[in-house]
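Visitor: In our numbering, the protein residues as written are 9 to 689.
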């Protein structure tokens with residue numbers, strides 16, 4: 009009975025423990041010692057990427073803040089280009105950098121395929137192609153052609169982001185289409201993509217940057233995470249017309265492509281190589297006592313909960329998303345202060361309006377299109393006419409949702425345009441309106457995804473990376489500070505963190521109070537234009553999600569000699585009993601380093617996580633030649649048996665194959681005239 013009751017409890021059945029223990033006589037008893045079974049179930053680090061098996065360590069609040077910076081690093085060593093012949097795909101630029109790199113590689117005996125922008129997909133010359141950067145199918149046709157010729161590239165050098173500072177954001181579509189084409193062709197061999205930008209980073213402080221160049225930074229991290237055989241890195245340069253400088257730059261890029269460096273972002277300025285780092289900025293847990301005139305929030309005992317440098321009876325604008333963005337958090341706390349509020353958004357949540365109506369605070373709210381410069385200018389002018397000049401601005405953007413995120417195969421221009429409209433377009437309109445106003449600060453809501461990436465967040469991370477870079481650009485000339493804060497997820501105070509898949513990420517989400525306190529610290533202490541907030545070590549998270557993948561890393565396989573014994577699970581071991589189940593179990597054994605794996609064993613109970621799930625889906629797709637979604641493994645089919653059913657349902661039946669064979673035979677026997685007639689019909 010006890011064993012049965014235990015199994016029911018493990019299955020999630022609620023047990024009335026009070027009834028169970030009603031007649032129990034409790035005594036102090038000696039417990040048995042730990043059963044030392046001498047079996048080890050850890051997955052070796054060299055076998056798989058670091059897993060999220062343990063609850064993340066939450067740091068003290070003072071250690072949540074990081075600032076991006078740059079440090080000098082050693083230049084890459086010289087390489088012998090003739091040592092190993094490789095296949096290169098070069099998306100050539102208009103500055104001539106790609107032309108010199110192509111010539112150098114061809115002279116050394118490498119296969120080089122050149123791709124230039126054009127109106128349509130075609131091959132104007134030997135191993136030279138043109139594609140329309142805005143047409144996804146052109147990139148698919150290119151990869152199909154290269155695969156037929158057995159010219160799948162080992163390295164891709166993407167130079168199409170070398171353009172002037174005033175070109176449009178759609179330039180970055182092509183990197184997405186390239187990644188989707190690689191995914192769709194089920195390429196097995198490892199590919200290193202090096203994306204080169206110019207004037208995309210501020211290292212020396214005098215660069216004239218284009219914030220849109222940052223889009224590829226966020227996107228490239230997600231590409232590496234979602235396509236297991238692809239590693240993607242970004243290099244920022246300054247293009248020069250001087251011959252000597254150009255030759256040095258060509259050598260720097262070639263050496264960088266051949267290096268085993270794992271930094272996600274590097275830059276070259278002159279002869280110096282720089283790598284991006286994130287410095288911990290320790291902030292005292294207790295905020296300093298606010299000087300006279302600064303707003304404060306008191307708890308029921310009269311203690312200071314948080315402070316922010318607000319003017320007494322000052323005027324503060326919250327603009328942007330007021331349904332899911334942090335603007336709702338800012339509105340809740342600002343209503344407790346002696347200030348006046350202006351809220352501008354296309355939709356203002358009912359809860360926000362109710363909070364304002366119940367608070368003793370003067371406010372103006374208006375539903376407007378914040379991407380429309382004239383509407384925004386008129387609304388702010390009306391508010392200033394009533395309240396006086398503005399003193400601070402909070403720019404709120406929507407959290408990730410079904411409109412902003414999708415895995416690479418399902419990512420469309422719709423997701424891209426939604427993120428651009430809700431995050432970037434309104435920001436440019438806002439900057440134009442407030443550029444000449446004597447503000448104390450402008451706080452921008454960004455996301456940790458621009459630093460860490462994240463599954464399904466390619467377009468979302470790209471848009472937030474633009475926000476970060478926009479703040480840096482504005483601070484080059486602005487009379488008031490622009491501060492972009494990279495946030496993790498935000499959860500309600502009453503949210504209960506359960507165990508299971510995703511629980512570790514949920515533990516890192518911030519409560520509204522933590523968001524407000526962190527904002528107070530950032531603004532109060534005058535931190536720089538971009539600040540990253542992470543409750544656990546950002547360096548460990550970067551190592552786990554961004555820098556752990558080496559440029560030429562192939563699929564992670566565990567040798568059978570080092571595979572560990574199957575752990576004791578709630579379900580019994582039942583071996584595979586079909587060819588499909590055997591293939592699935594073999595793939596899981598290689599990825600997880602555990603053998604044997606039964607058909608009812610849960611992928612995540614065996615130590616699997618989201619990165620391994622992507623690799624599992626990729627291998628299953630290659631093995632069976634069908635499309636599988638991440639949801640198939642994450643939610644619908646996390647066992648060998650259940651995913652075998654999904655695969656079997658998608659495989660063509662024997663009668664279907666027979667019909668296809670007959671149809672192809674009939675087509676083969678048709679004359680060209682008969683084919684033309686059939687097509688017309």
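Even for Gly, the Cβ is constructed at its ideal location relative to N, Cα and C.
So for residue 537, helix, strand or coil by DSSP?
Guide: Your numbering for residue 537 matches position 529 in the chain shown. In the structure shown, residue 537 sits in coil (DSSP, three-state: anything other than H, G, I, E or B).
Visitor: Less than 8 Å between the C-beta atoms of residue 170 and residue 103, yes or no?
Guide: Taking the chain shown and counting its residues from 1, the one referred to as residue 170 is at position 162. Taking the chain shown and counting its residues from 1, the one referred to as residue 103 is at position 95. Cβ atoms of residue 170 and residue 103: closer than 8 Å.
Visitor: Judging by CA-CA distance, which residue of 621, 614, 591, 601 is the nearest neighbour of residue 631?
Guide: Counting from one through the chain shown, the residue named residue 631 turns up at place 623. The residue with the shortest Cα to Cα distance from residue 631 is 591.
Visitor: So, helix, strand or coil for residue 341, using DSSP?
Guide: The residue given as residue 341 occupies position 333 in the chain shown. Of the three classes helix, strand and coil, the one that applies to residue 341 here is helix, per DSSP.
Visitor: Kindly provide the ranges of any beta strand (DSSP E) runs that are 3 or more residues long and lie completely inside the stretch 352-404, ordered along the chain.
Guide: The stretch 352-404 contains these whole beta strand (DSSP E) runs: 371-375, 400-404.
Visitor: Which of the three DSSP states, helix, strand or coil, is assigned to residue 171?
Guide: Against the chain shown, residue 171 aligns to sequence position 163. If DSSP states are grouped into helix, strand and coil, residue 171 belongs with coil.
Visitor: Classify residue 524 as buried or exposed, calling it buried when 16 or more other Cβ atoms lie within 10 Å of its own Cβ.
Guide: Along the chain shown, one-based indexing puts residue 524 at 516. Buried: at least 16 other Cβ atoms inside 10 Å.
Visitor: Return the residue from the list 30, 637, 288 that minimises the CA-CA distance to residue 545.
Guide: Against the chain shown, residue 545 aligns to sequence position 537. Nearest C-alpha to residue 545: 288.
Visitor: Applying the 10 Å Cβ sphere with the 16-neighbour rule, what's the burial state of residue 559?
Guide: Counting from 1 along the chain shown, the entry for residue 559 is found at position 551. The predicted position of residue 559 is uncertain, since its pLDDT is 47 and thus under 50; no value can be drawn from it.
Visitor: From the DSSP output, read off the bridge partner residues of residue 119.
Guide: Within the chain shown, residue 119 is the residue found at index 111, counting from 1. Residue 119 pairs with 95.
Visitor: With distances taken from CA atoms, which of 39, 521, 207, 527 is nearest residue 477?
Guide: In the chain shown, the residue the question calls residue 477 occupies position 469. Among 39, 521, 207, 527, the Cα nearest to that of residue 477 belongs to 207.
Visitor: Which of the three DSSP states, helix, strand or coil, is assigned to residue 298?
Guide: The residue you call residue 298 lines up with position 290 of the chain shown. Note that residue 298 scores a pLDDT of 45, beneath 50, so its modelled location is shaky and nothing firm can be said.
Visitor: Please say whether residue 97 and residue 123 have beta carbons closer to each other than 8 Å?
Guide: As a first step, residue 123 is located in the chain shown; it is residue number 115 there, counting from the start. As a first step, residue 97 is located in the chain shown; it is residue number 89 there, counting from the start. The answer is yes: Cβ separation under 8 Å.
Visitor: From 225, 624, 451, 242, pick the residue whose C-alpha is nearest to that of residue 462; which is it?
Guide: For the purposes of this step, residue 462 is identified with residue 454 of the chain shown, where counting begins at 1. It is 225.
Visitor: Could you tell me whether the Cβ atoms of residue 607 and residue 575 are closer together than 8 Å?
Guide: Here residue 607 corresponds to residue number 599 of the chain shown, with the count starting at 1. Here residue 575 corresponds to residue number 567 of the chain shown, with the count starting at 1. Not in contact: residue 607 and residue 575 (Cβ atoms no closer than 8 Å).
Visitor: Who are the Cβ neighbours of residue 235 in its own chain at under 6 Å, not counting the five residues just before and after it?
Guide: For the purposes of this step, residue 235 is identified with residue 227 of the chain shown, where counting begins at 1. Counting only Cβ-Cβ distances below 6 Å, and skipping sequence neighbours, we find 191.
Visitor: Can you list, in chain order, the residues of its chain whose CB lies under 8 Å from that of residue 379, leaving out five sequence neighbours each side?
Guide: Position 371 of the chain shown, counted from the first residue, corresponds to residue 379. Closer than 8 Å at Cβ, skipping near neighbours: 429, 433, 434, 437.
Visitor: If you follow the beta strand (DSSP E) that residue 275 is part of, which residue opens it and which one closes it?
Guide: Walking along the chain shown from the start, residue 275 turns up at place 267. Residues 273-277.
Visitor: So which of 216, 148, 156 has the shortest CA-CA distance to residue 184?
Guide: The sequence position of residue 184 within the chain shown is 176, counting from 1. Cα-wise, what sits closest to residue 184 is 148.
Visitor: Any idea what DSSP makes of residue 144, helix, strand or coil?
Guide: What you label residue 144 is simply residue 136 of the chain shown in a count that begins at 1. In the structure shown, residue 144 sits in a helix (DSSP, three-state: H, G or I).
Visitor: Nearest-angstrom Cα distance between residue 218 and residue 79?
Guide: Position 210 of the chain shown, counting from 1, holds the residue named residue 218. Position 71 of the chain shown, counting from 1, holds the residue named residue 79. For residue 218 and residue 79, the distance between alpha carbons rounds to 22 Å.
Visitor: Give the list of continuous alpha helix (DSSP H) stretches no shorter than 4 residues that lie fully inside the stretch 419-493.
Guide: With a minimum length of 4 residues, the continuous alpha helix (DSSP H) runs that stay inside the stretch 419-493 are 421-427, 434-442, 457-460, 466-482.
Visitor: Residue 328 bridges to which residues according to DSSP?
Guide: In the chain shown, counting from the first residue as 1, residue 328 sits at position 320. Answer is 404, bridged to residue 328.
Visitor: Beta carbon of residue 635, beta carbon of residue 629: below 8 Å?
Guide: Stepping through the chain shown from its first residue, residue 635 is reached at position 627. Stepping through the chain shown from its first residue, residue 629 is reached at position 621. Yes, these two residues count as a Cβ contact at 8 Å.
Visitor: Pull the bridge partners of residue 238 from the DSSP assignment, please.
Guide: Position 230 of the chain shown, counted from the first residue, corresponds to residue 238. 199.
Visitor: Starting from residue 527, trace the alpha helix (DSSP H) both ways and give me its first and last residue.
Guide: The residue you call residue 527 lines up with position 519 of the chain shown. Here the alpha helix (DSSP H) through residue 527 covers 520-532.
Visitor: Just to check my reading of the structure: residue 498 and residue 516 have Cβ atoms closer than 8 Å, yes? What is that Cβ distance to the nearest angstrom?
Guide: Position 490 of the chain shown holds residue 498. Position 508 of the chain shown holds residue 516. Actually they do not touch by this definition, with Cβ atoms about 11 Å apart.
Visitor: For residue 337 and residue 520, what's the separation of their Cα atoms in angstroms?
Guide: Taking the first residue of the chain shown as 1, we reach residue 337 at position 329. Taking the first residue of the chain shown as 1, we reach residue 520 at position 512. In a straight line, the C-alpha of residue 337 is about 6 Å away from that of residue 520.
Visitor: My output table needs one value for residue 138: the three-state DSSP class, helix, strand or coil.
Guide: Position 130 of the chain shown, counted from the start, is the residue given in the question as residue 138. Reduced to three states, the DSSP call for residue 138 is strand.
Visitor: Does DSSP put residue 79 in a helix, in a strand, or in coil?
Guide: For this step, residue 79 is matched to residue 71 along the chain shown. Residue 79 falls in the strand class under three-state DSSP.
Visitor: Near residue 567, which residues of its chain fall below 6 Å by C-beta distance, leaving aside the five closest residues on each side in sequence?
Guide: As a working note, residue 567 is residue 559 in the chain shown. Below a pLDDT of 50, predicted positions are generally treated as unreliable, and residue 567, at 42, falls in that range; the measurement from the model is reported next regardless. The answer is none, since no qualifying residue turns up.
Visitor: On the criterion of 16 or more Cβ atoms from any shown chain inside 10 Å, does residue 255 qualify as buried, or is it exposed?
Guide: Locating residue 255 in the chain shown gives position 247, where the first residue counts as 1. Looking at its Cβ environment, which holds fewer than 16 other Cβ atoms inside 10 Å, residue 255 is exposed.
Visitor: What is the residue span of the beta strand (DSSP E) that residue 280 lies within?
Guide: The residue you call residue 280 lines up with position 272 of the chain shown. Element bounds for residue 280: 280-288.
Visitor: Please report the residue range of the beta strand (DSSP E) in which residue 130 lies.
Guide: As a first step, residue 130 must be located in the chain shown, where it is residue number 122. Start and end: 130-133.
Visitor: Measuring CB to CB, does residue 443 end up less than 8 Å from residue 494?
Guide: As a working mapping, residue 443 is identified with position 435 in the chain shown. As a working mapping, residue 494 is identified with position 486 in the chain shown. Contact: no.
Visitor: Quick one: give me the first and last residue of the alpha helix (DSSP H) that residue 159 is part of.
Guide: As a first step, residue 159 must be located in the chain shown, where it is residue number 151. First-last for residue 159: undefined, no H or E at that position.
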